[in-house]
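Residue numbers (this note's numbering): 90 to 523.
Note that the Cβ used here is the ideal one computed from N, Cα and C, for glycine as well.
Being a predicted model, the structure only gives us computed values, none of them experimental.
Accompanying notes for the structure given below.
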């Protein structure tokens, strides 16, 4: 039966695994692992969430152009009301007109509708700010996801170093096994002591024990990297040496700089919003209510009945209160710009120091590697001479073991220098995003 995938996350992992099948057959490159890790990292889902949130925010702001409707109901009791003068009431009474006057208890149930026609650009400014804030969140999320590459580098080059050590350990075991066989034959002929054979055998078992430790470390790192990338990492491939020694003079394209640019864009949009706040606003309105008294107060003085009433009109308003704080508001925005630019300078300063350190480390490893080959040749010649001397009884087995270990240590040192230099080169690539 085929497995069922009940959620999008499992389906995403299936698609990702299928796309990675070709690389599984031959091993994984550093770029393969980094791309897989970025796709597998949970923060990747933030992009869609940020976009949807920004769209909803802009849509809500856009609704500011819709008619604003409000309903209200009120009941009041007044200490006094509008009334006719006593002389006027006496005159009207003489004419047979009963002028009761307004009652002190009054009631109203109504609806108020307002429609913006021109808002001075306030809604447009709010939408612009919301979009720029969405870009800031997206840029910051890109920064967080970019940091995944650093963690992949650590695990990837750690695996490469262990692989090299395992290969060298196998060579050491083979070399010790060869000398063990020779000593076994010499022991049978009586030209070597049993303790010499046991000494070499113990050294070989130490190498076997070290191999077990290296295999355990490799398995641990493979599982960690596989989990981090969301793919089965079977073998890591050694990256190619970059001709530019890590791109010391390369342009800096780090996402942190884009995030700072996005913050500046938000501040620019907020400054434009200050201009919009100073412009007049034009709108129309309509008010309707049912209650007592109505708009015809004279009739309501004669008849205490509820009536329908309505008002329509146009309104222009200009709030100059924004002028009071405008200077300070602009100064605050400029200070925030200065702080953002200072953050940029700090980042570039630290980034430059990191690149200098990486460049110097690369040069140092190159010089060491130029000497590693010669050291290995010399150690190999000394070891071969020691094997010959042991066969002729000139030296004891401890001298041979020492020379074998020193040759092995020289080979390990060479592999460490090579892997560390590669790591510095690709860390420098991470430092500049090139």
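### Message
Let me confirm a value: residue 207 is counted as buried when at least 16 other C-beta atoms fall within 10 Å, else exposed. Which label applies?
### Response
Counting from 1 along the chain shown, the entry for residue 207 is found at position 118. By the neighbour-count criterion, in which 16 or more other beta carbons inside 10 Å mark a residue as buried, residue 207 falls on the exposed side.
### Message
Taking 9 Å as the threshold (C-beta atoms), are residue 202 and residue 163 in contact?
### Response
Within the chain shown, the letter at position 74 stands for residue 163. Within the chain shown, the letter at position 113 stands for residue 202. It is not a contact, given that the beta carbons lie outside the stated cut-off.
### Task
Report yes or no: do the region 281-299 and the region 222-242 share at least 3 C-beta pairs separated by less than 8 Å?
Under the three-pair Cβ rule at 8 Å, the region 281-299 does not count as touching the region 222-242.
### Message
Measuring CB atoms only, is the region 355-363 touching the region 414-424, in the sense that at least three cross pairs come out at less than 8 Å?
### Response
yes
### Task
In angstroms with no decimal places, state the Cα-to-Cα distance between residue 396 and residue 192.
Position 307 of the chain shown, counted from the first residue, corresponds to residue 396. Position 103 of the chain shown, counted from the first residue, corresponds to residue 192. Taking the straight line from one Cα to the other gives about 15 Å.
### Task
Figure out for me which residue from 215, 373 and 194 has the closest Cα to the Cα of residue 151.
The residue labelled residue 151 in the question sits at position 62 within the chain shown. Ranking 215, 373 and 194 by Cα distance to residue 151 puts 215 first.
### Query
Are there three or more Cβ pairs, one per stretch, closer than 8 Å when the region 221-230 is compared with the region 117-126?
no
### Query
Hey, residue 241 and residue 119: beta-carbon distance below 9 Å or not?
Locating residue 241 in the chain shown gives position 152, where the first residue counts as 1. Locating residue 119 in the chain shown gives position 30, where the first residue counts as 1. Result yes, Cβ atoms of residue 241 and residue 119 sit closer than 9 Å.
### Task
Return the CA-CA distance between residue 300 and residue 246, expressed in angstroms with no decimal places.
To locate residue 300, count along the chain shown from 1; it is residue 211. To locate residue 246, count along the chain shown from 1; it is residue 157. In a straight line, the C-alpha of residue 300 is about 18 Å away from that of residue 246.
### Query
How big is the Cα-Cα spacing for residue 146 and residue 140?
Here residue 146 corresponds to residue number 57 of the chain shown, with the count starting at 1. Here residue 140 corresponds to residue number 51 of the chain shown, with the count starting at 1. One C-alpha to the other measures close to 10 Å.
### Query
Which whole-angstrom value is the C-beta distance of residue 339 and residue 521, which I expect to be below 8 Å?
By one-based count along the chain shown, residue 339 stands at place 250. By one-based count along the chain shown, residue 521 stands at place 432. Residue 339 to residue 521, Cβ: 5 Å. Contact.
### Where the alpha helix (DSSP H) through residue 461 begins and ends
Position 372 of the chain shown, counting from 1, holds the residue named residue 461. Run containing residue 461: 411-480, per the alpha helix (DSSP H) assignment.
### Message
Taking its Cβ as the centre, do 16 or more other Cβ atoms sit within 10 Å of residue 382, making it buried, or is it exposed?
### Response
Residue 382 sits at position 293 when you count from the first residue of the chain shown. It is buried - the Cβ of residue 382 has at least 16 other Cβ atoms within 10 Å.
### Query
Is the Cβ-Cβ distance between residue 116 and residue 280 less than 9 Å?
Here residue 116 corresponds to residue number 27 of the chain shown, with the count starting at 1. Here residue 280 corresponds to residue number 191 of the chain shown, with the count starting at 1. No, they are not a contact pair.
### Message
One question on the structure: do residue 480 and residue 493 come within less than 9 Å of each other, judged by their Cβ atoms?
### Response
To locate residue 480, count along the chain shown from 1; it is residue 391. To locate residue 493, count along the chain shown from 1; it is residue 404. Contact flag unset, no.
### Task
With a 10 Å radius around its C-beta and 16 neighbouring C-beta atoms as the bar for buried, classify residue 219 as buried or exposed.
Taking the first residue of the chain shown as position 1, residue 219 is located at position 130. Under this definition residue 219 is a buried residue.
### Query
Could you give the distance in angstroms between the alpha-carbon of residue 467 and the alpha-carbon of residue 259?
The residue you call residue 467 lines up with position 378 of the chain shown. The residue you call residue 259 lines up with position 170 of the chain shown. Near 21 Å, if we compare the C-alpha coordinates of residue 259 and residue 467.
### Query
Under 9 Å, do residue 249 and residue 128 count as touching if we go by C-beta distance?
By 1-based counting over the chain shown, the position of residue 249 is 160. By 1-based counting over the chain shown, the position of residue 128 is 39. Contact flag unset, no.
### Message
Would residue 314 and residue 325 be called neighbours here (beta carbons separated by less than 9 Å)?
### Response
By 1-based counting over the chain shown, the position of residue 314 is 225. By 1-based counting over the chain shown, the position of residue 325 is 236. Going by C-beta atoms, residue 314 is nearer than 9 Å to residue 325.
### Query
Beta-carbon separation of residue 194 and residue 171 under 9 Å?
Translated into the one-based positions of the chain shown, residue 194 becomes position 105. Translated into the one-based positions of the chain shown, residue 171 becomes position 82. In this structure, residue 171 does not lie closer than 9 Å to residue 194 by Cβ.
### Task
Indicate the three-state DSSP secondary structure (helix, strand or coil) for residue 251 in the structure shown.
Here residue 251 corresponds to residue number 162 of the chain shown, with the count starting at 1. Correct three-state label for residue 251: helix.
### Message
Counting C-beta neighbours from all protein chains within 10 Å, is the total for residue 44 16 or more, i.e. buried, or is it exposed?
### Response
Only positions 90 to 523 of the chain appear in this structure, which leaves residue 44 out of reach.
### Message
Please classify residue 160 as buried or exposed, where buried requires at least 16 neighbouring CB atoms within 10 angstroms.
### Response
To locate residue 160, count along the chain shown from 1; it is residue 71. Exposed, since its Cβ has fewer than 16 Cβ neighbours within 10 Å.
#### Entry: Inter-residue Cα distance where the pair is residue 168 and residue 223
Taking the first residue of the chain shown as 1, we reach residue 168 at position 79. Taking the first residue of the chain shown as 1, we reach residue 223 at position 134. Spanning the two alpha carbons is a distance of roughly 55 Å.
#### Entry: Cβ neighbours of residue 531 in the same chain (closer than 8 Å, five flanking residues each side left out)
Nothing can be reported for residue 531: it is not among the residues displayed for the chain, which extend from 90 to 523.
### Query
What's the C-alpha gap between residue 429 and residue 441?
Taking the chain shown and counting its residues from 1, one reaches residue 429 at position 340. Taking the chain shown and counting its residues from 1, one reaches residue 441 at position 352. Straight-line Cα distance between these residues: approximately 18 Å.
### Contact set for residue 143: own chain, Cβ-Cβ below 7 Å, skip 5 residues either direction
One-based indexing of the chain shown puts residue 143 at position 54. Correct list, in chain order: 219, 220 and 223.
### Query
At least one CB of chain D closer than 9 Å to the CB of residue 160: is that the case?
In summary, chain D is missing from the structure at hand, where a single protein chain is found.
### Query
If residue 286 sits next to residue 273, beta carbons under 8 Å apart, how far is it from one beta carbon to the other, in whole angstroms?
On the chain shown, residue 286 is found 197 positions in, with the first residue counted as 1. On the chain shown, residue 273 is found 184 positions in, with the first residue counted as 1. The C-beta distance from residue 286 to residue 273 rounds to 6 Å, short enough to meet the 8 Å contact threshold.
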